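Worksheet for the structure shown next.
Number of protein chains: 2
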Amino acid sequence: MPDQATVHRIAVLGTGRVGTTLARAFARSGYEVIVGSRDPDALDEERRGQLGEVAVAAFSEAVAGADVVVDALPGEHAVEVVSSLGDLLDGVVVLDVANPLDTSRGMPPTLLVKDTDSLAEQIQRACPRARVVKSLNTVNAAVMVDPGSVGDGDTTVFVAGDDPAARELVAGLLTELGWRDVLDLGDLTAARGIEMWLPLWVRLMQILGTAQFNLRIVR
Amino acid sequence: MPDQATVHRIAVLGTGRVGTTLARAFARSGYEVIVGSRDPDALDEERRGQLGEVAVAAFSEAVAGADVVVDALPGEHAVEVVSSLGDLLDGVVVLDVANPLDTSRGMPPTLLVKDTDSLAEQIQRACPRARVVKSLNTVNAAVMVDPGSVGDGDTTVFVAGDDPAARELVAGLLTELGWRDVLDLGDLTAARGIEMWLPLWVRLMQILGTAQFNLRIVR
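In C-alpha cells:
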C-alpha cells in the first residue's frame, strides 16, 4: 500500500457543494488543500465562508504542486477543464468524483456518456499521463465525508482506475474519511457501471425523500 | 394489497436458467405454472428434466388464461415475442425480469437500450394494455428464488410499473419467494436505472468471483 504520507497537497477542482465539502474534509485531515475555480474572484461570500481557511485559486495555480487533484466539477465541464491543464497533471492522481449528468432537459437528468464509455475514461484520454481513479460519485457530498451517517453499518464505495497504486492511494484517502468497505473494481472501464448507477440513485432519492442513503454490496 | 389468491396461473416465457428456476419456484409455491417456448419440441432433455412436472407449450398457448406472465427471455428477443402475443396480454400482469444485454461483441455485455428508455418500457409500448412490472433483473437466478442465501440479512429488490396494483401483486409474489426488502420505485421509467445497474453487477461478479451477491439499500 502506498504511503499516504507521500500526499501533502490536494487540489479540489470545483466550488460547488461536493468541492467545498471534500476540500474542508481533507483540510480537517491535515492536508494542504487548495480549491481550484474558473474565476476565484467571482466566488460568492457564502461559498468562501464554507471553505473557511481553505485557499481558492485559478485552476492551473491550484493544481501546481498537488499530489492529488480531485475533479468535483459539473460533469459537462470536467473534460474541458482538465484538458486545459495540460501537462500539469502528468503523474498526478486525479480522483474523479463527478457525474456526467445532463440536466438541460429537466429532471430526472440523463447521462452525457454511458455504456461503452465514461466520464472518467474521457478524462483519462484527455490527460493520458494522469492517474485517474473513479470514486465517491455514487453518494451525495454529506455521505462522501461522513459514511458512518448512513444506516447502522458499513456501506460500500467503489474505486476504479488503470493504475493499481493510484487506486490504493485513493482507498487510503477514503479510509481516512471513514469508509470501511472500499471495493476495488479494477481498471477504469468499471467507471461505466459506477456512473450508470446515478439514474437509480436519483430515483431512490425521490422515493426515499432523502439523499442520506447508500448501497451495501452484500456477499 | 391485491389478493394473491387471484393469481392462479403463471406463464413463464423462456427456457433458460432464469425461466426454469422461476417456473420451478412458482410451482413449489402452489401456482399452476406453464413455460412458454418458441419451439417446445426442441427443448433438450436436461432443460425438461430441470422443469420437473412443469408443462412446456408454445408461447401463445402458455399465456392463454395466465394471470401473470413472466418475461424471462433473452433481452434481444423479448419485445418481438410479447408483440407476437397481441391481445393475449391485455390486462395481464407482465413481470419483466429480462436484461437488454448485447453480448454480440463479447464480454462485458453492453446495453441494447438505456438512459432515456428501457426494455420494460419497450415491452409496455408493444403491449399497451398489459400491466408491465420490472423486477428481479438485478440478481441472478439462484438469488431470485432464494434471497436469504445472500449475506446474513435482507438485501433489496426493486419493483417499478405504471399500475400500482400490479406492482403490489408482484411485491406479494416476491414476498412468497422470500424477499423482505421490496422497494417500490413507482412508475416504469424507474426501469431505466434498474436496468443500468447491470454493467456494475457484471463487474462485481467478475471481481467477487461469484454471482451470489446483491445490494442492500441502506437508509
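Residue numbers (our numbering), protein chains in the order written: chain F, 1 to 219; chain S, 1001 to 1219.
No residue lacks a Cβ here, since even glycine has one placed at the ideal position from N, Cα and C.
From a predicted model like this one, the values you see are computed outputs, not experimental measurements.
For the pair G1036/S and R1129/S, the Cα-to-Cα distance works out to about 20 angstroms.
Identification of chain F residues near F1213/S by a Cβ-Cβ cut-off of 9 angstroms yields I217, V218, R219, ordered along the chain. Annotation for S83/F: the continuous alpha helix (DSSP H) segment containing it runs 75 to 84. Closest option to A66/F, judged by alpha-carbon separation, among E32/F, A72/F, D96/F: E32/F. Counting C-beta pairs closer than 8 angstroms gives three or more between the segment 157 to 169 of chain F and the segment 133 to 145 of chain F, which meets the contact rule. Listed by position along chain F, the residues whose Cβ is nearer than 7 angstroms to that of K1114/S are K114, D115. At least 9 angstroms separates the CB of M144/F from every CB of chain S. Beyond the five residues adjoining it in sequence on each side, D1181/S comes within less than 6 angstroms, by CB distance, of D1154, T1156 in the same chain, given in chain order. The beta carbon of P147/F sits closer than 8 angstroms to those of V139, D154, T155, V157, L177, G178, W179, R180, N214, all from its chain and outside the five residues before and after it, given in chain order.
Its chain contains T156, D181, L183 as the residues whose beta carbon lies nearer than 8 angstroms to that of I217/F, once the 5 sequence neighbours on both sides are disregarded; these appear in chain order. For L1169/S, no chain F residue has a C-beta closer than 9 angstroms to its own C-beta; the minimum C-beta separation is roughly 19 angstroms. Bounds of the beta strand (DSSP E) holding V12/F are 9 to 13. The Cβ-Cβ distance between R1038/S and A1141/S does not fall below 9 angstroms. Straight through space, the alpha carbons of A1126/S and V1082/S are spaced by roughly 7 angstroms.
In the DSSP assignment, V1202/S falls within the unbroken alpha helix (DSSP H) covering 1198 to 1208. Excluding five sequence positions before and after A1025/S, the CB atoms of its chain that fall closer than 8 angstroms to its own CB belong to M1144, V1145, L1177, given in chain order. Within chain S, no residue has its beta carbon less than 7 angstroms from that of T20/F; the closest one is some 25 angstroms off. Here V150/F carries a coil assignment [DSSP, helix/strand/coil]. Membership of L1215/S in the beta strand (DSSP E) is indicated by the continuous run 1214 to 1218. In the structure shown, V1157/S falls within a strand segment according to DSSP collapsed to helix, strand and coil. Closest in C-alpha terms to L1088/S, from the list A1064/S, L1198/S, R1047/S, Q1124/S, comes A1064/S.
The C-beta separation of V93/F from V54/F comes to about 19 angstroms, leaving the pair out of contact by the 8 angstroms criterion. At a Cβ-Cβ threshold of 9 angstroms, T1021/S and R1047/S do not count as neighbours. Taking P100/F as reference, the option from D71/F, Q50/F, L85/F with the minimal CA-CA separation is D71/F. Taking the C-beta atoms as reference points, A1062/S is found no nearer than 9 angstroms to V1097/S. Taking 9 angstroms as the CB threshold, R1203/S lines the interface with chain F. For V93/F, the enclosing beta strand (DSSP E) stretches over residues 93 to 96.
Rounded to whole angstroms, the gap between the alpha carbons of V79/F and L188/F is 16 angstroms.
The beta carbon of I1010/S sits closer than 6 angstroms to the beta carbons of F1026, Y1031, V1033, V1068 from its chain, once the five residues preceding and following it are set aside; these are given in chain order. In this structure, the CA atom of L1095/S is about 27 angstroms from the CA atom of Q1206/S. Per DSSP, reduced to three states, the secondary structure at D87/F is helical. The beta carbon of L1204/S sits closer than 6 angstroms to no other beta carbon from its chain once the five residues preceding and following it are set aside. With a threshold of 9 angstroms between beta carbons, G1193/S makes contact with chain F.
Its chain contains P108 as the residues whose beta carbon lies nearer than 6 angstroms to that of V202/F, once the 5 sequence neighbours on both sides are disregarded; these appear in chain order.
Taking every protein chain shown into account, the CB of A42/F has fewer than 16 other CB atoms within 10 angstroms, so this residue is exposed.
The DSSP-derived three-state label of E53/F is coil.
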